Each structure stands twice: as structure tokens, then as C-alpha cells.
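Asks: I have a structure I would like to understand better, so I am pasting it below and will then ask my questions one at a time.
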Amino acid sequence: MASTHSAKRRRLKYSSTTPNKWADELPTELLGLIVKKLAPNFISRFKAVCSSWNGAARSYISAPLPQYPGLMYPSTRWGWIGNGICFSSLAEKKVYKTEASQGFLGVDSFLGSSHGWLVMGKRAWTLGEIRLFNPISRKSRTLPSLPRGSPIRKIVLSSDPSRNNNFVVVVIHETLNVPTRLAFYQHGRGGENATAWTELEGSHDHYFDILLRNNGHLFALSKDHSIQVWDFGDTYNNNNPTKIMHFRPSMARNGFHGTMMGDKKWLVESMGELLLVEREWLGDNGRGTEKFDVYELNIAAKTWEKVECLRDCALFLAKNQPAMSLSTQKLPKLKENSIYFADEYHEHSHGGDIIDIHVRGVYNFETKVVKQYSITGANNFSYSPAVWIVPSPW
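Here the sequence shown is numbered in this note's numbering, starting from 68 and rising by one per residue.
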């Protein structure tokens, strides 16, 4: 019996030349079922097992299931992201923590996220490189620095850097001469603009937000609520994008309140339509209740039309990043007709210093009620703002 048992145990071992033989022989259909059950952060490990597992993962990624968003924030109180970050999954109601890595070197704060990649840099945004980091695949990209004295207010990517190395980055940044300007950088391309930022010709206003659409059109919202549009081409291969539109939509119904504090306006594409979201503080202090208004752009009539219901979708807003619209039919655990927000306001401490207070909640568009929510490990006081991100397994 002992020898039989030893033989069975020996049969479970494989030689070093075929360490993953058993894994390589699993049916493709079974591998597909397994990979669909994996959390995005495990897919890169799954791909590393052997060639057949890698192929199954790539087949899944080429037509992936919709991913639920989560909130990224520093893992320590008063923390820099260099000390590690946390990901709070809305679907799983769990928090995943990662320690500091090479992707965080030289940066200390989130600037936003786009296409599943975090955008990071220095808090002051006056000097230093800009880092793109995919927290799932652990891949990173480094962007050139903007000139000294050019703090970044918003940054968007044209596509997922993992899928297309020739992507475009557009930023809203401050300059000494005008409140804000627009600049772009073309990654992975040759030519004179390949290694530097280029000011977008004709961008001289105070901009609230920018949005890159799939057709290569960049929409910018200026302080007077006018819309400016530049054409980068449908492949973003235009070294000299041209301004093709500039108009100020009128209000079809109701007017803008004009009482909002700071940069609290977002452009977002939702079900093929362009929306404007405004947030207003109700109350006479920074701890007032949030109220949101949404308008749809009618380009033909050049009007902003008030939206009364966010049917089949939920919006995600944060101070520094592009807004997102996600389908509640494809992601049923999200609350329909709601706005998820992660924002911050400034408050004076007992010592007189200004500190950032971070608030997180869900605004019900029907009842106009905000439900605040707390997350395990998330601090109200932090060096870096929190950002929403939809994981990209590439």
C-alpha cells in the first residue's frame, strides 16, 4: 500500500521541461468559463501560466464583459499614493490594497483616470513627469513634463494605451498669461510634436472641461458655457488639429443658476448624446448638500435642454477626471438614474491651514437626495483626491 501511495504521489509531479502540461491540456471552453469569473486584477496572472491560458485570456479581453467601476484612493491617512493605493469595488463591496510599486516612483497624487489607466503626478503640478499606470496589468507610460508654472486641471486620453500605442493626450492647464489653455501630446508618433506638448491653436478661454469623442472631435466647455470643437481626425493622426466649431448654446428651458463654487461642471457622453452636468452647493458653507443639474446639447438647434431622467445609466464624477456614463442594464448592480460622485472642498483647520475634505456619495436624480457612503480604509483627509476607474485587464 505504501508503495502504491508513493507512486500516486509521484504521478502528481511533472518534470521541469513540462511544468504546465496539465494546464495546457484543459479545454478552451473550460478556460473561457474560468477567465470570465476572475477579477480583473487576476487576469494578468492567469495569462502567465501557459500559452493556452494566455490565448483564452486574450480572447476574453478582445470582447470583454462590462466592468464595474471602483474608487481609487491613497491607502494611508494624509497619504501620498507612493505609500500604496486602495481600490474599492462597487460591485463586490470589497477593498483591494496594493503596496507602492515602480509605477508610483516620482509621483504623489492622482490627476485622474482615463480608459482604465490612472494619471499621476506631483501635487503642485508645476514640475515633473506625468505618469500613466494601469493598476491591473501594472504597465506604465511616462509623458513629458509641461513647462514650469503650468498646473494641470484636467487630462483625457484618446484610447487605451495598452491597445493602441499611438494615442493622444489633451490637458487643460494654467499659464501665466491666461487662466487656462489646452495642449496636446501625441504618443508613439514621429514628427515634430512626438516628444513635446503643443498648445492647441485657438484655445484662449477659461475652460471647465474637455471631452474626446471616438470620431476624433475634442469638445471643450468654456466659462461662458460655450462649446468649442477641434478635429483631430478619426485616427487622431492630425499633427495640426483644426478648430471647426465655436458657439454658445442658448437655454431651451430654465437657466443656469450661476451660484456654483469652483470648477463644478463636467461634459460627458451618454448613449451617443453630449451632456453637461453642473453641481451646486446648497447652503452657506462648504458642508452644504450637493445638487446636480443635467443638460443635453442639441447641436442642430444650438441649445442646452434640461434632462429630467438618466434612463438606463448612471454618471460618475470626480474633481480631476473626465466624467463617465455607464449602462445600468449591462451593470445591474449600479443604481439607475443616479450620479456617483467623489469630490473635495476646502476647510480651515484649527491652526488656520486649508485642508481638503473628501466627500463621496450617490445622488438620486428622481428624489434629489444624496446618500453619503463611507468606504473601509478611505480617509476624509488625504493628500491626493480619489478617482473613479473602470479596470482594464490589458
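Where a beta carbon is used, it is the ideal one built from N, C-alpha and C, also for glycine.
Given the structure is predicted, the values throughout are model-derived calculations rather than measurements.
#1: Taking all protein chains shown into account, decide if R315 is buried (16 or more other Cβ within 10 angstroms of its Cβ) or exposed.
#2: When you compare each of K332, G339, L249 and G137 to V296 by their alpha carbons, which one comes out closest?
#3: With 16 as the cutoff for other CB atoms within 10 Å, does T291 come out buried or exposed?
#4: Which residue's Cα is closest to the Cα of F234: F177, N306 and Y163?
#5: Who are the near neighbours of H240 in its chain, counting only those whose CB is closer than 7 angstroms to its CB and skipping five residues on each side?
#6: For V457 and Q134, what's the separation of their Cα atoms in angstroms?
#7: What three-state label does DSSP hand V186 in the structure shown?
#8: Spatial neighbours of G179 within its chain, please: CB distance less than 6 angstroms, with the 5 preceding and 5 following residues excluded, ordered by chain position.
#9: Give every residue of the same chain whose Cβ lies closer than 7 angstroms to the Cβ of E340, excluding the five residues on either side of it in the sequence, and list them in chain order.
#10: Figure out for me which residue from E347, I277, I366 and V429 has the closest Cα to the Cα of A381.
#11: Could you tell me which of P211, E196 and S181 sits nearest to P202, measuring between CA atoms?
#12: Under the three-state reduction of DSSP, which class applies to L267: helix, strand or coil?
#13: When you compare each of D276, Y274 and V237 to T265 by their alpha carbons, which one comes out closest?
#14: May I ask you to report which of helix, strand or coil DSSP gives R198?
#15: Apply the 10 Å Cβ neighbour rule to V399 and answer buried if 16 or more other Cβ atoms are within range, or exposed otherwise.
#16: Taking W38 and S405 to be in contact with their CB atoms under 8 angstroms, please state how far apart those CB atoms are, rounded to whole angstroms.
Replies: So, from the data block:
#1: Counting the other Cβ atoms within 10 Å of the Cβ of R315 gives fewer than 16, which makes it exposed.
#2: L249
#3: The amino acid occupying residue 291 in the given sequence is Asp; Thr does not appear at that position. The residue is exposed, with fewer than 16 neighbouring Cβ atoms inside 10 Å.
#4: N306
#5: L213, S217, P218, I219, R220, T247, R248 and A250
#6: Near 6 angstroms, if we compare the C-alpha coordinates of Q134 and V457.
#7: strand
#8: V186, I222, N387, Q388 and V454
#9: E363
#10: V429
#11: S181
#12: DSSP places L267 in coil when its eight states are reduced to three.
#13: V237
#14: strand
#15: A small fix is needed here, since residue 399 is Pro in this sequence, not Val. Of the residues assessed, P399 falls on the exposed side of the cut-off, its CB having fewer than 16 other CB atoms within 10 angstroms.
#16: Since the first and last residues shown for the chain are 68 and 461, residue 38 lies out of range.
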